[in-house]
Every structure is written in C-alpha cells, then in structure tokens.
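Peer 1: Counting in the working numbering, the sequence shown runs from 347 upward without gaps.
Glycine included, every Cβ here is placed at the ideal spot set by N, Cα and C.
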Amino acid sequence: MTEDASWVPPLRAGRKPAGQALFGWLEDSRAPRVCRIAGSSGSGRTHLLNWLATAAPPNNPRPSRRVHAYLNAAGHTARSAAWTLADRLRLAASTPARLAATLKYAPPRVLVIADLNRAAEPERLVTDLIALLLLVPDLRLAVECADGTPEAAALAALEPRAAVLDLDDPRWTDPDRFAAWCAKLPGSPPPAEQVHPGPGLAQLAARIPGGVPLDPATPLADRLDEAAAAWWHALPEDLRPTVRALAAVTRPALAEEWATLPGSGGPDAVRRAGDLLPPHPDGLSWRLHLDPLTRLATADAPVDHAALARDLAAALPAGPDGRPDPTGADPDRLGLLLRHAAAAGTAAGLLADPRLAAAADPLAVTAALHTTPAADTALADAWSTAGQALLALDEPGDRATVLHAWQHGTDPDRDRALAAALPARPRWYGLWRHRPQAGVVRGLTAGRGPYAGRVLVATDAGVQVLDAYTGQPAGPALRPLPVRPTALACGEDGAVLALGGDGTLTGLPSPAPSGAPRTATAVAGWAVQQAGGGLTALAAPMIDGNPLVVVGDGTGRITCFHTPGQPGVATDKPLHDGGVTAVAVAELGDVLMVVSGGRDGTMRLWKPGQDPLATPLTGRPSPVTAVAAGDTDHGPVYLTAWADGTVRLLRLTNGDTEETHLRLGSAVDAATIDPTGRIHLATLDAVHCIYLPPTP
C-alpha cells in the first residue's frame, strides 16, 4: 500500500488495456458522460471498477483522474444507494431526489456504481436513482451492468446514451499477460487460449479435476456454462448441499459463517467444498459469484426462503415473550434472516421488533422495509428519514439511539424496547421529536420574553411555538415569515428576527412592544445598515439585560453591535476562508464567547475585543451548517454541525474535555443549548430535543 494519491495499482489477468480505456474515458471531457461496463459473469467487471476507484481517488493530483464516490450496489435499494453515495460525497440527502438536487450546485463529480445486477431491485435503482443523477449537468457515471437484463434495458433508455466497455471482447485483455496470470492459478490451470479473456472462467476451469476442453471460438458465456456443468458434475454428491447452502448467501461469508448456515454440513464439509471452489477475490471469504454455478446449485432444490428464515430464527435465543431475541446476535446473520424472510413474505413480524431493526445489518433492514408493505409504519418512517446515519453507524446500540430519537413517544412498547437496546451508558439520547404537519423546518431559535421556555420553529405554514421541555404546542402559531431564513433569532420582547438569503433583515413584530429604543430589532436593523448587505449569519442574545447582535458576512468576518448609531466591534481579519455560515454567543461565567462556523468547515472562537484563537476549535471538509454554545449544569458545551450530517458536541467538565459525535440522518441547520443541558436540533424534517447525560 502507498499514501501516494497518484499511485496506480497493478491490474492483473492482462486487463491493462481495459484499465487504459477507462482512464481514457475518465480524462476525455468529450466522451459520453456514462460508461457501462458489460461482460459475462466472472468477466471481472466489479474488479475493474474497484481498481478504477483505487487508481483515481478524490485527492488524485490529476484533477481529470478522480472518482469522487464508489458504490457497490449489491443489496442496495435506490434510497440506500443514495444515502451511501451522499455519505461518500460528504453530503446529507435522505432521498435520491435530494441527492440529485444537492449535486446540481456542487462541482462536477464522477461516480462509480459496481454490481448493479445484484442490487435489491436493480431496475428501480436505475429508474429511481441513476435517472435523477443523470439530470445533473457535468455529472459522469461508470456503472457495471450485464447485457440482457431489465436494468440494462432501463439504462439504455436513459439520456445521455452510454459508451459500453464489454469485457468479453478480447481487445480489452492482453493475451500474453493473461496467459502468464493463468499459468499461476492454483489447481490445474487450463490452456489460456481456451479461457481467454475470462478470469472467472479460468479460475473455475482450474478447479475441475482432469480439466475440461473448451472451444475458444465459442462465446465466453457459453464456455462458462460448459465449465460450470463440468465442475458441478465432478462435485461429490455429499458436498452439493454444502454448496447449495452458500447459494443462499448474498454477501461473501467467512468459512466459519458458511459452516453455520442451514444445510452446510458443518466445518469439515465447508473445508472440503472450499478446496474445490474459486475463492472470493479477498481470498478469505466465499460466495457463488459465478451465475451458472448458482443456477446449477439451485436447479433441483430452489432456495426455500421460508425454511431458511425459520431455521435462522430458531438459532436465536428466545426472549421472555417467546420471540427471537436479537440482543448480541451477529448483524450479518440477522441481515441474512431478514433477507430470506422478506423473500418469503414473512419479514413483517421480525420488523415489528425494533431491537432486531437496530441490531441487524442496516442494509438488509432497508431492503426488507422497502419490500414489506405490512412492515411497521413508524419504523419505516423513521428509517427512511434517518437511514443515512443508520447505514453509517457500526454499533447496534448507536443505531438504537438514533431510532429512539426518531420514534420516541410514538408507542410505549416501542419506547421500552428501544430504550433497552441503548448502550449501557449512552453518550446522548432523545427526549422528544416534533415533525411539522405540513412542509419542512426552515429555522429554529430559543424563545425570550413572552416566549421564554419555548422554542420557535419556522415552517412554511408559520412559526410554531413549542414547549422547550416537552415539544408540545405552547400557544398559537405565528404567521409565516416573509422570507426563508438563513438565520433566526428572538428578541427580548418576543420579536422574531429573520435573515434572508440575500442578507436582508425581516421578521415578525413583538406581541408586546416595550417602546424601548434599544431592542434587538433596532440593533439588528443598525447592523444590517452598517454592513450594507452581504450578511450571512445572525445571532441576537441578551447580555447583562441588553441586546447584542452578532453578524457574519460573506468575507468571513464577525462583527458585534450593542447600540444603534454606535460602531460595532469586529475581528481584524476574516475568521473563515469564505463566508460565515453560522454564529452563536454564550456567556461562560464572566466571559462572552462568540462561536462561528464557515464554508471552510471550521468552527472558531472569539472573545470580542481580543484576538481570535489562532486555530479552529474543530473542522471537517464540509461546510458548517449550525453552531451553538451554552453554559449548562454540567459544564460549557460547544456544538458544531456540518452539511454532511455530522454533529460534534464538546463539553468541558472540571478541566476535562468530553467529545460526542452524533448523526440524525439529515444535516442540522440550527441548534440551541439551554442551561439544563437540553439541546434542540433542527433538520429539514424535524426538531429534536436531545440530552447529554453527565459523565459518572
């Protein structure tokens, strides 16, 4: 391995011509925007695209040789594929449409999608995701898809038309290098000319005792069928059930996992069968990756999904209610159970247990929810919104925490089940969640004055007034804001301030005007007047009983205003490389601290009147979408949220620093922290109230 981003790994089995052709497509701006990699099973389509993604990383010093996101589509739905691509592009997108919409405003991107034929619903992945992505100007796509399939037909119907690189074409495999590679295969390597240009065919033929004569003039797919039939005929009868057990697996399985599958025959049978099968490319795991072998293994005994689901469920320990207890079970094995149950039409009962949904392979849960109409609607709703976070989290307890935050309060039994699945000492947990009845969340701010103890939530239908502790409505909604706010604040008199995307200030008047000349509205108006437009961020806290307005602009500078008619206090230099995207202010003891986030992905601290801290407190390669700070009962807390959906919480306690990362599935666009430690987070879909428990 090397850290050099320009390093090109070797491409074995004589496939250098194919690699050069892909590089040529990648670097030619006049080439078709779509390149489809075709070829028969075992032709090395997936391997070639893996190689391309490795040889052309996003940080390659040659801008024309960059792949920005790679996806192996096996097992994916259109939605889970969108989540994974968004994650790898450092974006947050809960649907394919949101991903495509976000990419329209991003720099040109190159995406690679491998193993399309093994997606959960390949044709729908084309129509529901790829079709939308191709509406993005300048987006380029390399996709693996075999000929003669519904998904290939769906791709062919899209514009722009794809260039096709068919690996069954001998031109793309150097015969001499292929022969040298073939001669080193374990087993009995066949004559290279009989299996050229198919690496999968060569590996299988080398495992046939005595070999099998193949006619080089026969199409590669037909030669593969002949070799598969010969291999199956030579397979001992007692090992055929072992291979059939492997045919039921959709993901590569280690030998130990294979041996536990229903019908496998145990470790000895797996060892013997493994000696006869070509291994998975990683050399450690097994899967019937050649389609003819799968067809032969299941021809006389088709996969009985219902029976396999029953056997896999029976292997789980039973809980007090008699249902399978997924606690501590292997996520991949639970995922296999869900896949077979979904295929048998029996997944609804399993999905009714939120513990299993949290514990199982999240890709399998996504597919099962997609194909099971009778599945738990509350779970399906939460999963569809939080899915990007759920797919990215490795630990079942962390997934349970996210599901609990999205489903808390919908059903007492579900609440108890998810609470039991949380980590023993969760770093955070949800207290309540509010989803607007219509439209989406446009902004969030803590209420003051007549709205003390409330949070104000801007939606398309109006500004909702919610109890900060329960999330319940706490008064009639205010009328809609005249703009879509980029920042929202509440003055001490209850006036709502909204900063529009063009830098103009508007809002809603106080329900009980005080008549005082020095209000947040007056100070904010003065700040906008002094800035002359171009403001991109706004905060309006009360400090020592007086309003303070802090603004950020497109140059990266921060300015504080106290009094109308008086100049503000500004940073000497820009704090951010690019515009300020969020500001917040906190009184930490007797210290006034301004927190800012920027398009450069950094979060900075500044005490007005002093030089800013020399280095950012934190940063990521993604624009900051929200910041917050507050002095809580358990120490000061700083919050930073980024456009990729990541939220970082930093709590200072007795000189120690506690860091917590969380994700809700969408980007957090606004946040507040109250003295009790409650944290309110606004995403496009909902407002969450979460809590950081004190460290024991």
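#1: Taking the C-alpha atoms as reference points, what is the distance between P958 and V926?
#2: Would you mind stating whether R361 and L395 have Cβ atoms separated by less than 8 Å?
#3: If you reduce the DSSP assignment to three classes, tell me which class S440 lands in.
#4: Cutting at 7 Å between CB atoms, please list the residues of its own chain near P532, excluding the five before and the five after it.
#5: Would you kindly work out how many angstroms separate the C-alpha atoms of A548 and G365, rounded to a whole number?
#6: Run through DSSP, which three-state label would T1022 get?
#7: Can you grab the Cα-Cα spacing for the pair G935 / L658, in whole Å?
#8: Where does N405 fall in DSSP's three states?
#9: If you compare alpha carbons, which of R590, G557, L585 and A384 is closest to P516?
#10: Hey, how far is the Cα of A446 from the Cα of S440?
#11: Whole angstroms are fine: how far does the CA of L749 sit from the CA of P1039?
#12: Measuring CA to CA, which of L480, I554, A698 and S352 is closest to T723?
#13: By the 10 Å Cβ neighbour count, where 16 or more other Cβ atoms means buried, how is L630 classified, buried or exposed?
#14: Among the residues of its own chain, which have a CB less than 7 Å from the CB of M347, if the five just before and after it don't count?
#15: Strictly by DSSP, which residues pair up with A508?
#16: Answer with buried or exposed for T588, where buried requires no fewer than 16 other C-beta atoms within 10 angstroms of its C-beta.
#17: Spatial neighbours of V897 within its chain, please: C-beta separation below 6 Å, excluding the five flanking residues on both sides.
#18: Taking the straight line between their C-alpha atoms, what separation do you get for I1036 and P598?
#19: Pull the bridge partners of R997 from the DSSP assignment, please.
#20: Quick check: what's the CA-CA separation for A804 versus G821?
#21: Could you pull the DSSP bridge partners for Q810 from this structure?
#22: Once the 5 residues before and after A460 are set aside, which same chain residues still bring their CB inside 6 Å of it?
#23: Relative to the alpha-carbon of V1044, which residue among V1033, A930 and S860 has its alpha-carbon at the smallest distance?
#24: In or out: G544 buried (at least 16 other Cβ within 10 Å) or exposed?
#25: With A974 and A1013 assumed to form a contact (beta carbons below 8 Å), what rounded beta-carbon distance in angstroms separates them?
#26: Which residue wins for smallest C-alpha separation from H414, given the options L431, L682 and L951?
#27: Relative to the alpha-carbon of P796, which residue among A858, L845, P742 and T473 has its alpha-carbon at the smallest distance?
#28: Starting from W872, trace the alpha helix (DSSP H) in both directions and tell me its first and last residue.
Peer 2: Reading from the atomic positions:
#1: 15 Å
#2: no
#3: coil
#4: A552
#5: 20 Å
#6: coil
#7: 58 Å
#8: coil
#9: A384
#10: 11 Å
#11: 18 Å
#12: A698
#13: exposed
#14: A caution first: M347 carries a pLDDT of 45, below 50, which makes its placement in the model unreliable, though a value can still be read off. Cβ neighbours of M347 beyond the five flanking positions: none.
#15: For A508, which the question treats as bridged, DSSP gives no partner whatsoever.
#16: buried
#17: A873, L881, L884 and T905
#18: 38 Å
#19: V983 and E1004
#20: 14 Å
#21: V803
#22: T392, L395, N418 and E490
#23: Since the first residue shown for the chain is 347 and the last is 1042, residue 1044 is missing from the structure and cannot be characterised.
#24: buried
#25: A974 to A1013, Cβ: 14 Å. No contact.
#26: L431
#27: A858
#28: A866 to A877
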